[in-house]
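Those sequence lines, one after another, are chains A and B.
Each residue of the first sequence is one higher than the one before, counting from 0 in numbering that gives the first Met the number 0.
Each residue of the second sequence is one higher than the one before, counting from 0 in numbering that gives the first Met the number 0.
Number of protein chains: 2
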Amino acid sequence: MSNLTKLKHEFTKSSDFLVALGDQKRQAIIVALLDPQVIHRGLQVTDLVDVTGLSRPAVSHHLKILKNVQLVDYRREGTKNFYYLTHQTKAIDQLKTLLDHVMETMICNQNL
Amino acid sequence: MSNLTKLKHEFTKSSDFLVALGDQKRQAIIVALLDPQVIHRGLQVTDLVDVTGLSRPAVSHHLKILKNVQLVDYRREGTKNFYYLTHQTKAIDQLKTLLDHVMETMICNQNL
DNA sequence: TTTCTTGGTTCAATATTTTAAACGATTATA
DNA sequence: TATAATCGTTTAAAATATTGAACCAAGAAA
């Protein structure tokens with residue numbers, strides 16, 4: 000398989016993740032969850048509603064997208080769902096690899 | 000300025016770039032331009048129309064988005080516009096920095 | 001049990017993005 | 001000078017994403 004074909008696959012694999020990260024509302028959710036004060040116990044949906052100023056269904060929707068790319072997960076406590084960032088950095092690593100490959104290809108062929 | 004505030008700014012700065020990279024049609028354009036055969040002279044809009052199967056206005060639209068995030072630029076030759084990937088890796092570096100900071104924050108606070 | 005809190009889902013409305021048709025401008029070619 | 005090729009833009013349509021209202025379910029509290 001050619002390098003270019005591999006790159007194409009890497010792009011496709013990172014596509015959902017890129018889209019998930021690009022949205023500013025979701026970025027706000029991620030940043031809220033990155034807070035050292037909350038990074039372990041996570042935040043409830045209602046907390047995120049307060050932080051982001053979005054409606055609950057909107058927050059719920061964005062959380063689902065973030066969960067699909069395995070950036071967040073949640074833990075149930077009674078009626079409350081605590082959302083937290085997964086420590087799984089696979090998607091991030093994948094994206095970093097892609098960026099490295101793109102740069103490599105760009106720079107490798109720069110002076111041919 | 001707190002780390003979290005910095006992260007928020009980095010997210011915002013990379014937002015357009017993330018969105019630009021997330022779209023599969025634009026990914027196809029980028030991959031086509033990454034081909035060692037064309038990475039120097041670039042490709043005309045009509046070539047990209049053939050490669051992607053999109054209409055010319057659609058290609059033109061996506062090229063504008065890619066140009067806005069300074070991932071591509073073009074060179075005029077007569078009536079032809081040759082689009083090529085800029086060798087400017089600023090946006091990529093910025094995104095990599097952001098990803099590193101996110102991972103750092105995630106992992107640093109992991110065992111508190 | 002009844003009531004309240006929490007939060008997911010559905011569905012319709014809204015907003016945004018993407019697309020193509022039509023047009024115009026520029027340059028090359030006949 | 002015509003004619004053809006290349007490409008950007010505008011505008012309206014189509015597709016997609018986002019949102020909120022309304023509803024339902026599960027668990028906690030009274």
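Even for Gly, the Cβ is constructed at its ideal location relative to N, Cα and C.
Mind checking which residues open and close the alpha helix (DSSP H) that includes residue i?
{"i": "A/His-2", "result": "At residue 2 of chain A the sequence reads Asn, which differs from the His that was named. Taken as a continuous stretch (DSSP letters only), the alpha helix (DSSP H) holding A/Asn-2 covers 2–21."}
{"i": "B/Leu-47", "result": "44–51"}
State buried or exposed for residue i, treating a residue as buried only when at least 16 other CB atoms are found within 10 Å of its CB.
{"i": "B/His-61", "result": "buried"}
{"i": "A/Gln-26", "result": "buried"}
{"i": "A/Lys-63", "result": "exposed"}
{"i": "B/Ile-106", "result": "exposed"}
{"i": "B/Thr-96", "result": "exposed"}
{"i": "B/Glu-103", "result": "exposed"}
{"i": "A/Lys-89", "result": "exposed"}
{"i": "B/Lys-7", "result": "buried"}
Hey, residue i and residue j are a contact pair by Cβ (cut 8 Å); roughly how many whole angstroms apart?
{"i": "A/Gly-21", "j": "B/Ser-14", "result": "6 Å"}
{"i": "A/Gln-69", "j": "A/Lys-12", "result": "So it is not a contact: roughly 12 Å between Cβ atoms."}
{"i": "A/Leu-33", "j": "B/Val-101", "result": "7 Å"}
{"i": "A/Leu-17", "j": "B/Leu-17", "result": "5 Å"}
{"i": "B/Asn-108", "j": "A/Pro-35", "result": "5 Å"}
{"i": "A/Ala-57", "j": "A/Leu-42", "result": "About 15 Å separates the two Cβ atoms, so there is no contact after all."}
Is any heavy atom of the ligand PLP found at a distance shorter than 7 Å from the C-beta of residue i?
{"i": "A/Leu-32", "result": "Among the components of this structure there are no ligands whatsoever, and the ligand PLP is therefore not found."}
- Task: Would you list, in sequence order, the uninterrupted beta strand (DSSP E) runs of no fewer than 3 residues that lie entirely inside the segment 63–92 of chain B?
- Result: Note on the segment 63–92 of chain B: whole beta strand (DSSP E) runs with a minimum of 3 residues are 71–76, 79–84, in chain order.
- Message: For the pair the segment 37–51 of chain B and the segment 46–59 of chain A, tell me if three or more CB-CB distances fall below 8 Å.
- Response: As far as the Cβ criterion goes, the segment 37–51 of chain B does not touch the segment 46–59 of chain A, which means the pair count is below three.
- Message: With a threshold of 8 Å, are at least 3 pairs of Cβ atoms found where one atom belongs to the segment 24–40 of chain B and the other to the segment 49–57 of chain B?
- Response: The segment 24–40 of chain B is in contact with the segment 49–57 of chain B.
- Kindly confirm or deny that the segment 71–82 of chain B and the segment 74–89 of chain A touch, where touching means at least three C-beta pairs closer than 8 Å. The answer is no - the segment 74–89 of chain A does not touch the segment 71–82 of chain B, with fewer than three Cβ pairs under 8 Å.
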